[in-house]
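What follows is one structure encoded as C-alpha cells, with my remarks underneath.
Numbering (this note's numbering), first residue to last: 6 to 241.
Right under this line is the structure:
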C-alpha cells in the first residue's frame with residue numbers, strides 16, 4: 006500500500022532563546038501538531054498555558070470516547086511567550102474551544118534576581134492583560150471559542166514577597182475578568198474556589214509545593230470549569 010509522503014504545512018515558531026521556558030517543549034509540540042494536521046484530527050479542546058496546565062492530565066479529566074483533548078502547557082511559560090506560540094499551539098489546530106490559563110510566572114519579575122528584569126506590579130498586570138487580550142482576539146477571529154481562566158493563588162512561604170505576589174494575582178485576575186467582559190469571553194474563576202479565608206492565599210492541602218495543584222486541587226478546578234461552562238450550554 007502506498008504511503009502518503011506529502012507533509013502538511015505547519016506553523017513552527019522556532020526557538021525564542023536558550024532561556025525561554027517556551028522552548029522546552031517546542032520540538033515535541035511541533036511533532037505533535039504536525040501529526041494532528043497531517044491526520045486531519047478534529048480537535049475539540051486545547052488546554053493552553055504554563056505548568057499548571059502542563060501537569061494537568063486533562064485527557065483523564067475531560068477525555069471521552071470521540072473527544073479530542075490536547076494539552077499545550079509549558080512549565081515556566083509567561084504571557085509574552087504564550088502569545089508568541091499561540092498561532093502554532095492553538096490557532097492552527099482549529100479546536101472548538103481553547104482553555105487559557107497563563108500569568109503566574111510573570112509575577113516572578115517582582116523580585117527577579119537581575120535588577121534589569123524586575124517589573125512593578127502595575128507593569129506586570131498590564132503586560133499579562135495585554136498579551137491575553139491579543140490571544141483572545143486571535144481565537145475569536147479564527148472561529149475558536151476562548152475560555153479565560155483566573156490565575157491560581159499561591160502558598161509559597163519561602164518567598165518573602167509571597168503575600169505581595171498573591172495580591173498582585175488578585176489584581177491581574179480583576180483585569181482579566183474585566184477583559185473577558187469587554188470581549189464577551191467566558192471567564193472561569195478558579196481563584197475563589199482555591200483561596201483560603203483571606204481571599205488571596207492558596208488553601209492548605211491542595212498543592213505539595215504551594216504552587217502546583219495535586220489531584221485534589223485539580224478536582225476542584227475541573228468542577229469549577231465544568232460548572233462554569235455548563236452555565237453557557239457547554240458540556241465538557
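Cβ atoms here follow ideal geometry from the backbone N, Cα and C, with glycine treated the same way. All values reported here derive from a predicted model rather than from experimental measurement.
Counted within 10 angstroms of its Cβ, other Cβ atoms place residue i as buried (16 or more) or exposed
| i | result |
| --- | --- |
| residue 189 | exposed |
| residue 94 | buried |
| residue 238 | exposed |
| residue 6 | With a pLDDT of 48 at residue 6, under the threshold of 50, the predicted position of this residue should be treated as unreliable, and no value is reported. |
| residue 58 | buried |
| residue 120 | exposed |
| residue 206 | buried |
| residue 209 | exposed |
| residue 136 | buried |
| residue 78 | buried |
| residue 160 | buried |
Nearest to residue i (by Cα), restricted to the options the options
| i | options | result |
| --- | --- | --- |
| residue 185 | 120, 162, 71 and 155 | 155 |
| residue 231 | 212, 191, 139 and 201 | 191 |
| residue 112 | 213, 153, 32 and 171 | 171 |
| residue 75 | 133, 99, 26 and 32 | 99 |
| residue 38 | 26, 25 and 14 | 14 |
| residue 215 | 193, 162 and 235 | 162 |
| residue 236 | 193, 96 and 25 | 193 |
| residue 217 | 36, 34 and 61 | 61 |
| residue 56 | 42, 36 and 80 | 80 |
| residue 97 | 134, 35, 130 and 125 | 35 |
| residue 151 | 16, 42, 234 and 198 | 234 |
| residue 183 | 145, 130 and 43 | 130 |
| residue 179 | 134, 16 and 115 | 134 |
Presumed contact (8 Å Cβ cut-off) between residue i and residue j, rounded CB distance
| i | j | result |
| --- | --- | --- |
| residue 67 | residue 241 | 6 Å |
| residue 88 | residue 18 | Contact flag wrong, Cβ pair sits at about 11 Å. |
Straight-line gap, residue i to residue j (C-alpha atoms, nearest Å)
| i | j | result |
| --- | --- | --- |
| residue 158 | residue 174 | 7 Å |
| residue 82 | residue 70 | 31 Å |
| residue 200 | residue 117 | 25 Å |
| residue 54 | residue 64 | 15 Å |
| residue 168 | residue 29 | 29 Å |
| residue 138 | residue 196 | 20 Å |
| residue 181 | residue 40 | 33 Å |
| residue 298 | residue 149 | With the chain running from 6 to 241 in the structure shown, residue 298 is simply not present. |
| residue 165 | residue 203 | 18 Å |
| residue 128 | residue 153 | 21 Å |
| residue 73 | residue 132 | 32 Å |
| residue 177 | residue 225 | 21 Å |
| residue 228 | residue 25 | 32 Å |
| residue 147 | residue 32 | 24 Å |
| residue 85 | residue 213 | 27 Å |
| residue 140 | residue 91 | 7 Å |
| residue 122 | residue 143 | 28 Å |
| residue 11 | residue 27 | 28 Å |
| residue 187 | residue 43 | 36 Å |
| residue 198 | residue 16 | 37 Å |
| residue 124 | residue 145 | 30 Å |
(request) Report yes or no: do the stretch 37–51 and the stretch 106–117 share at least 3 C-beta pairs separated by less than 8 Å? (result) Contact between the stretch 37–51 and the stretch 106–117 is absent, because fewer than three Cβ pairs lie under 8 Å.
(request) Examine the Cβ distances between the stretch 209–229 and the stretch 34–48 and report whether three or more of them are shorter than 8 Å. (result) No, they do not touch.
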